[in-house]
Amino acid sequence: GAVVSQHPSRVICKSGTSVKIECRSLDFQATTMFWYRQFPKQSLMLMATSNEGSKATYEQGVEKDKFLINHASLTLSTLTVTSAHPEDSSFYICSASAVAGGELFFGEGSRLTVL
Amino acid sequence: GENVEQHPSTLSVQEGDSAVIKCTYSDSASNYFPWYKQELGKRPQLIIDIRSNVGEKKDQRIAVTLNKTAKHFSLHITETQPEDSAVYFCAASRTQAGTALIFGKGTTLSVSS
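Chain order of the listed sequences is F and S.
Okay, so the first sequence: first residue is 22 according to the working numbering, each after it adds one.
Okay, so the second sequence: first residue is 997 according to the working numbering, each after it adds one.
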C-alpha cells in the first residue's frame, strides 16, 4: 500500500519553544493531508485539513495561530506547534489518501512531550 | 458535521469467543466506513472497510455489517486470539476529495487465553 512517513517520531521540548513535524507521502502525491491529535487512551481527533498550495482548514477549537500548517508541495505537509505548553503533549498523526475517497494511510505518528 | 458513536468502550472475551463492536453515525451522506486496529504507541492499521453499496463484507475472521437506514455498522471478530487484543476504532466519511475520517472513541478489546 501507499506509504506516509512522519518525522520526528519522538520529540521533547521545553515549554515556550516551537516544534515542527513533517509528514511526507513517499510514493504518491497528496493534494490533501489530514492532521490528527491523540491524547492517551483517547481517540484520534481531527485537527485540520492541509491543502496543497492553500490555507489549511482547522476544526473548531483548534487554534490556527498555535498549530501552523504548511503544505508547500504535493508530498509534504508540516505542522508546527508554536509556543508549546505541557498541555500540547500528545501523539500527532498525519494521514493522506492516494486517491479521493480511497484508503487513508497514516504516518508513524509523532509523540510530543513538552516539559 | 459527522459524529460517530462507538460501543462498548471496553470488551473482554475468552480466546475463541466472538467479539462485536458497534458504531453509529450521524451524517446520512457518509458512505465509507473503515475499521482500524491500533496497538499501543503505533499508527492505526486498517483491518477492514465497507462502502455504502454493500451490506456486509468478510475477510477471514473479521466481518463488517452496515445498515444505512439505521445509520449503524458493526465489526465482528470470530474465534478471537490473544493477538487480537488492541484498541479498535470505527470511522466514517464521505468519499470525496478533501473529506477527513471522523473516528469513534475506540474499543479496548482484551482476549484472554
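Beta carbons: idealized from backbone N, C-alpha and C, even for Gly.
Every value quoted in this text rests on a predicted model; they were computed, and no experiment measured them.
DSSP state of residue i, grouped into three classes?
i, result
"residue 107 of chain F", "helix"
"residue 1079 of chain S", "helix"
"residue 1015 of chain S", "strand"
"residue 1045 of chain S", "strand"
"residue 32 of chain F", "strand"
"residue 1039 of chain S", "coil"
"residue 40 of chain F", "strand"
"residue 1055 of chain S", "strand"
"residue 1074 of chain S", "coil"
"residue 83 of chain F", "coil"
"residue 1004 of chain S", "coil"
"residue 1033 of chain S", "strand"
"residue 1109 of chain S", "coil"
Kindly examine the ligand FMN and report whether one of its heavy atoms sits closer than 7 Å to the Cβ of residue i.
i, result
"residue 1004 of chain S", "The ligand FMN is not part of the structure shown, which contains no ligands of any sort."
By the criterion of Cβ-Cβ separation under 7 Å, what are the contact partners of residue i in chain S?
i, result
"residue 128 of chain F", "1039"
Does residue i get closer than 8 Å to chain F when you measure Cβ to Cβ?
i, result
"residue 1084 of chain S", "no"
"residue 1021 of chain S", "no"
"residue 1096 of chain S", "yes"
"residue 1007 of chain S", "no"
"residue 1071 of chain S", "no"
Which chain F residues sit within Cβ distance under 7 Å of residue i?
i, result
"residue 1099 of chain S", "64 and 65"
Which same chain residues end up closer than 6 Å to residue i when comparing Cβ atoms and leaving out the 5 residues on each side of it in sequence?
i, result
"residue 1104 of chain S", "1006 and 1083"
"residue 24 of chain F", "47 and 48"
"residue 1001 of chain S", "1020"
"residue 98 of chain F", "44, 54, 71 and 92"
"residue 41 of chain F", "99 and 101"
Below 9 Å on C-beta distance, what does residue i contact in chain F?
i, result
"residue 1092 of chain S", "121 and 122"
Would you verify that the beta carbon of residue i is, or is not, closer than 8 Å to some beta carbon of chain S?
i, result
"residue 125 of chain F", "yes"
"residue 70 of chain F", "yes"
"residue 90 of chain F", "no"
"residue 55 of chain F", "yes"
In chain order, what residues of the same chain have a beta carbon less than 7 Å from the beta carbon of residue i, not counting five sequence neighbours either side?
i, result
"residue 109 of chain F", "102, 133 and 135"
"residue 1080 of chain S", "1073, 1105 and 1107"
"residue 1003 of chain S", "1018"
Looking only at its own chain, which residues have a Cβ that is under 8 Å from the Cβ of residue i, when we skip the five neighbours before and after it?
i, result
"residue 95 of chain F", "46, 50, 51, 52 and 73"
Below 9 Å on C-beta distance, what does residue i contact in chain S?
i, result
"residue 42 of chain F", "Chain S residues near residue 42 of chain F: none, gap ~14 Å exceeds 9 Å."
Going by the CB atoms, is the gap between residue j and residue i shorter than 8 Å?
i, j, result
"residue 959 of chain S", "residue 129 of chain F", "Summary: the structure shown does not reach residue 959 of chain S, with chain S confined to residues 997 through 1109, and so no result is reported for it."
"residue 79 of chain F", "residue 93 of chain F", "no"
"residue 59 of chain F", "residue 67 of chain F", "no"
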